[in-house]
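Step one of this worksheet: look at the structure below.
Protein chains in written order, with this note's numbering: chain Z, 1 to 240; chain U, 241 to 480.
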């Protein structure tokens, strides 16, 4: 059985200018892998309405699930909610449920739910809210797109609350073998083992560490017993 | 004058499974920013021929320059060169100039240029080689696509040798202001300053550090004097 597929859309000039190093992609990738959902593609686009809308539409059509990060705060450069609404021709405005969440949060802090903060209650019609226990402003799910915050700790919390609601396939298991020989030396033996196990995927990643050149071979698949067999075959092939 | 635009294509299952954290994107982003080329989009795709070919074709058509990383080694999962050739309908085979480079390198190391290693001499017709002073196997440039290694130290060396050959625009300058107030509190003052300087881009990034919630405001633009003015205006606006 094929696992469900997913794509990620990272939104933010600060990633593309190199000012900030994205960490949400790696977190989501690991969590999806554990959950049996295959992350097939990730895109980073700038805070540009057309770029966000087009990417969301294209990824939504191409994959079972889409996860976005970034651009849902209170400032003028936070345009993700509008863009996702536009991608699906959904009306968007301040929604009462989202406004109530923000109102409660800011009242408790003795702060005002001003016009800027109220922007964070703009949710497309028909979307389900994603809880934000850290700073209240909710994410949302519209069709197959999960719109989440860019701040890593909030993104991670939202991922944790969303993933259990999605049906995953068999988790992708992986094992790795470290070989202290270059890729070019082991390539043909590796190919032979890979061809003997067509259900598994074999990746080879060169490394150089303290003057030692070598290769990490990573084997991935859903069947643990088959994976064990392949690792044994691999270890033998690499000794010759 | 508009700066040239660029996109990056990261190729590799190991990024999408979460096993490896990509660092090439952040490096390229910083270098392009310094060089006055605007990185507008980045995509990560898996070791899948159709995904690589389609992404390369689409990014090549959409941006002035494309930079790829990953998938040019000697093993069966290294299919980038074939895919880029396919994207432009260019024939591909072992090229004499690339073979000579590898031959010299492996002879000097007392190693054999075997069939697997010879794969790394497969270069599309019409491509220019990119020097690899570390492990010899060259990258290449086909039309506006720069095909480079995934191993960060090699990728970075290739970027360093390629960038001086590209005409950059004015480097994007940036200054930032740290404000110990939440985004929602400063949003309207920030918008007012941003509207007064339409040539500059204003980004706001919330942080929480040792219990302090605040916002980093980053202003970017090509005109240093204007940037200075805007920062002064911003600092004043944030004091009220």
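Note that CB positions come from ideal geometry on N, CA and C, so glycine has one too.
Cβ-based neighbour list, residue i, same chain, cut-off 6 Å, excluding 5 preceding and 5 following
i, result
"residue 369 of chain U", "378, 380"
"residue 416 of chain U", "456, 458"
"residue 6 of chain Z", "32, 37, 39, 63, 65"
"residue 148 of chain Z", "69, 139, 155, 158"
"residue 98 of chain Z", "121, 123, 138"
"residue 460 of chain U", "412, 414, 441"
"residue 189 of chain Z", "237"
"residue 437 of chain U", "470"
"residue 86 of chain Z", "53"
Residues near residue i by beta carbon distance below 7 Å, same chain, minus five either side
i, result
"residue 180 of chain Z", "212, 214"
"residue 143 of chain Z", "60, 88"
"residue 423 of chain U", "444, 446, 455"
"residue 467 of chain U", "413, 415, 440, 459, 461"
"residue 16 of chain Z", "44, 46"
"residue 475 of chain U", "417"
"residue 131 of chain Z", "138, 161"
"residue 245 of chain Z", "Past the boundaries of the shown model lies residue 245 of chain Z; chain Z is included only from 1 to 240, so the question cannot be answered."
"residue 373 of chain U", "397"
"residue 145 of chain Z", "56, 60, 66, 68, 84"
Same chain, Cβ closer than 8 Å to residue i, neighbours up to 5 away in sequence not counted
i, result
"residue 241 of chain Z", "In the structure as shown, chain Z starts at 1 and stops at 240, and residue 241 of chain Z therefore has no counterpart that could be examined."
"residue 102 of chain Z", "113, 117, 118, 120, 121, 136, 137"
"residue 320 of chain U", "251, 292, 308, 310, 311, 312, 387"
"residue 82 of chain Z", "49, 92, 122"
"residue 254 of chain U", "260"
Outcome for residue i when other beta-carbon atoms lying within 10 angstroms are tallied against a minimum of 16
i, result
"residue 230 of chain Z", "buried"
"residue 434 of chain U", "buried"
"residue 283 of chain U", "buried"
"residue 334 of chain U", "exposed"
"residue 450 of chain U", "exposed"
"residue 439 of chain U", "exposed"
"residue 153 of chain Z", "exposed"
"residue 20 of chain Z", "buried"
"residue 104 of chain Z", "exposed"
"residue 232 of chain Z", "exposed"
"residue 427 of chain U", "buried"
"residue 340 of chain U", "exposed"
"residue 404 of chain U", "exposed"
"residue 225 of chain Z", "exposed"
"residue 110 of chain Z", "exposed"
"residue 190 of chain U", "In the structure displayed, chain U extends from 241 to 480; residue 190 of chain U sits before or after that span and is not available."
"residue 314 of chain U", "buried"
"residue 432 of chain U", "exposed"
"residue 41 of chain Z", "buried"
(Q) For the segment 249–270 of chain U, list every residue whose C-beta sits within 9 Å of some C-beta in chain Z, in sequence order. (A) 250, 252, 253, 254, 255, 256, 257, 258, 259, 260, 261, 262, 263, 265, 266, 267, 268, 269, 270
What ranges does the alpha helix (DSSP H) occupy inside the segment 348–399 of chain U, keeping only unbroken runs of at least 4 residues that lie completely in it? 355–358
Which runs of the alpha helix (DSSP H) at least 4 residues long sit entirely within the segment 9–33 of chain Z? Give them in chain order.
13–16
query = What are the residues of the segment 416–447 of chain U that lie near chain Z, defined by any Cβ-Cβ distance shorter than 9 Å?
reply = 416, 422, 423, 424, 425, 426, 427, 428, 430, 431, 434, 435, 441, 442, 443, 444, 445, 446, 447
Within 7 Å of chain U by C-beta, residues of the segment 133–162 of chain Z in sequence order:
151
What are the residues in the segment 104–130 of chain Z lying within 7 Å of chain U by C-beta distance? 114, 115, 116, 117
Chain Z contacts from the segment 310–321 of chain U (Cβ-Cβ distance under 8 Å) | 313, 314, 315, 316, 317
Inset, instruction - Quick one: which residues of the segment 219–239 of chain Z get their C-beta closer than 9 Å to a C-beta of chain U? List them in chain order. - result: 220
Note down, in chain order, all residues in the segment 277–295 of chain U with a beta-carbon under 9 Å from any beta-carbon belonging to chain Z.
278, 279, 280, 281, 282, 283, 284, 285, 286, 287, 288, 291, 295
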